[in-house]
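Going by my numbering, the first residue of the sequence shown is number 345, and it counts up by one from there.
Note that CB positions come from ideal geometry on N, CA and C, so glycine has one too.
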Amino acid sequence: MQPVQADALAEFRRFNYENIYMRDASRNQAKSVIDLLQALVEHYASHPHLMLADNAQGESLANHIAPAHSTEALHNAVAYVGGMTDRFACRQGTALLGWDASRLPQGIDTN
């Protein structure tokens, strides 16, 4: 990369961090996302039966439920929550955890 382009890219990144990523509203939004995801993982690790589904071959996974609060249940919960869309995670937050919509990340249509 030529020095002129490198300088322009560095200035662009500096601007983004100062005016977008690190502003209070962005940091508050990030905190609400993290809070929601942590709460969902904890909930599913405590209630692993709620992650029941059929696998790709249509076989029931009921015989493969990890014990609540186990390391396996925690790993499964992280994978399950990690695979959620933003909208679905927000819906689960209100349905399972009773979260008020004001606690959810803003800008995600949950209807």
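Rounded C-alpha distance that separates residue 508 from residue 427 = Limits of the chain in this structure are 345 at one end and 455 at the other, which puts residue 508 out of reach.
ask   = For residue 451, does the three-state DSSP call read helix, strand or coil?
value = Reduced to three states, the DSSP call for residue 451 is coil.
request  = Between the Cα of residue 432 and those of 452, 416, 383 and 447, spot the shortest distance and give me the residue it belongs to.
outcome  = Nearest to residue 432 by C-alpha distance, out of 452, 416, 383 and 447, is 452.
query = Going by other Cβ atoms of all chains shown within 10 Å of its Cβ, with 16 needed for buried, is residue 411 buried or exposed?
reply = Residue 411 sits exposed, since fewer than 16 C-beta atoms from the chains shown fall within 10 Å of its C-beta.
request  = Let me know the secondary structure DSSP gives residue 395 once reduced to three states.
outcome  = Residue state, collapsed to three classes: helix.
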